[in-house]
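Encoded as structure tokens, the structure appears first; notes follow it.
Here is the structure:
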């Protein structure tokens with residue numbers, strides 16, 4: 019990339035693609051939609067909206083909907099995360115209903131020290147019976163993969179103007195497209211650039227510092243079954259016969275959307291963290307195509 023597009027060098031970032039796959043994770047593992055390493059004497063979190071009014075469309079009618087586990091990441095698997103001192107587990111949960119201001123699930127996080135958990139919660143609460151199945155991820159094991167990515171929406175316009183002719187030439191010569199195959203990695207990932215589908219909307223911390231991208235959570239791990247870069251070599255045979263109209267039981271579907279999440283129209287939830295504050299405050303954004 020850089021020999022062809024040297025102007026991109028200052029914007030290169032490493033992201034950790036988590037590559038979720040359907041499986042049976044345990045609480046000691048990094049996972050998506052799996053059991054969490056949770057103290058038995060710590061109450062399970064519930065949505066704190068008053069009488070359900072915090073839920074978009076007022077569903078469910080009560081506020082005490084249990085949060086559902088979305089991600090658990092161990093420092094041993096993803097040491098790149100900015101774990102606060104004394105912690106080695108990051109847990110993401112959310113309420114599986116639409117919330118203002120984005121009409122999306124609202125995430126919460128926990129930074130935890132695994133050695134301090136003690137007696138563990140052995141049975142997690144079931145999701146609220148009214149919750150949307152598309153907001154409750156199926157259990158997946160993870161296979162972290164480090165890749166270098168470059169911005170699309172976050173690339174300064176003057177840099178884009180410098181490289182756009184070369185981008186078009188590369189496409190003509192090789193068939194590789196910058197935006198979909200050479201720039202921002204798709205899928206659920208840690209660090210790097212958000213997988214925006216709309217214009218960037220980076221939050222600022224209350225301390226006045228711009229927050230950093232912590233996580234992107236999506237349902238789709240790639241957009242197209244013929245993508246050249248983002249589909250593992252061992253998965254390419256399953257893409258045979260792929261099309262946008264493939265049947266739900268086509269093997270490509272399980273690889274494209276292993277968790278079963280559908281956030282809007284194939285959108286994502288993006289979590290941001292302030293690393294200048296010791297307690298690592300977090301904010302989030304949502305968008306979809």
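In the working numbering, the protein residues as written are 19 to 307.
Where is the CB? At the ideal position from N, CA and C, for every residue including glycine.
Since this is a predicted model, take the numbers as computed values, not measurements.
Please classify residue i: is it buried, with 16 or more other beta-carbons within 10 angstroms of its beta-carbon, or exposed?
i: residue 134; result: exposed
i: residue 108; result: buried
i: residue 179; result: exposed
i: residue 118; result: exposed
i: residue 285; result: buried
i: residue 56; result: buried
i: residue 167; result: buried
i: residue 124; result: buried
i: residue 36; result: buried
i: residue 54; result: buried
i: residue 298; result: buried
Expressed to the nearest angstrom, what Euclidean distance is found between the alpha-carbon atoms of residue i and residue j?
i: residue 69; j: residue 85; result: Bear in mind that the predicted position of residue 69 carries a pLDDT of just 48, short of 50, making it unreliable; the figure below should be weighed with that in mind. Their Cα atoms are separated by approximately 16 Å.
i: residue 282; j: residue 169; result: 23 Å
i: residue 110; j: residue 29; result: 28 Å
i: residue 154; j: residue 296; result: 31 Å
i: residue 290; j: residue 47; result: 23 Å
i: residue 279; j: residue 187; result: 36 Å
i: residue 189; j: residue 181; result: 12 Å
i: residue 99; j: residue 33; result: 10 Å
i: residue 42; j: residue 103; result: 30 Å
i: residue 50; j: residue 162; result: 12 Å
i: residue 192; j: residue 277; result: 33 Å
i: residue 150; j: residue 238; result: 17 Å
i: residue 156; j: residue 38; result: 10 Å
Here's a check: name, in chain order, each residue in its chain whose Cβ is nearer than 6 Å to the Cβ of residue i, leaving out the five neighbours to either side.
i: residue 128; result: 109
i: residue 126; result: 111
i: residue 26; result: 168
Residue i: which of the options sits nearest, CA to CA?
i: residue 214; options: 291, 302 and 21; result: 302
i: residue 165; options: 193, 151, 132 and 199; result: 199
i: residue 88; options: 299, 230 and 160; result: 160
i: residue 287; options: 114, 53, 122 and 201; result: 122
i: residue 223; options: 300, 120 and 210; result: 300
i: residue 62; options: 275, 113 and 254; result: 113
i: residue 144; options: 52, 27, 220 and 268; result: 52
i: residue 96; options: 210, 20 and 82; result: 210
i: residue 147; options: 82, 44, 139 and 140; result: 82
i: residue 142; options: 304, 27 and 44; result: 44
i: residue 304; options: 139, 217 and 268; result: 217
i: residue 172; options: 40, 212 and 196; result: 212
i: residue 152; options: 31, 20, 275 and 19; result: 275
i: residue 64; options: 255, 115 and 227; result: 115
Quick one: residues in its chain with C-beta nearer than 7 Å to the C-beta of residue i, no 5 flanking neighbours on either side, listed in chain order?
i: residue 249; result: 240 and 257
i: residue 136; result: 57
i: residue 201; result: 167, 168, 169 and 170
i: residue 246; result: 194 and 199
i: residue 253; result: 273
i: residue 306; result: 215, 281, 282, 283, 284 and 285
i: residue 229; result: 220, 221, 222, 223, 290, 291, 292 and 301
i: residue 92; result: 48, 106 and 107
Looking at the C-beta of residue i, does it have a partner C-beta in chain B at a distance below 8 Å?
i: residue 52; result: Considering every chain present, this structure includes no chain B. It has just one protein chain.
Excluding the five sequence neighbours on either side, which residues of its own chain have a C-beta within less than 8 Å of the C-beta of residue i, listed in chain order?
i: residue 184; result: 22 and 23
i: residue 140; result: 58
(request) Tell me, please, whether the segment 225-237 touches the segment 201-212 by the rule of three or more beta-carbon pairs shorter than 8 Å. (result) Yes: the two stretches touch, three or more of their Cβ pairs being nearer than 8 Å.
(message) Quick test of the definition: if touching needs 3 or more C-beta pairs under 8 Å, does the segment 132-150 touch the segment 248-267?
(response) Touching, no.
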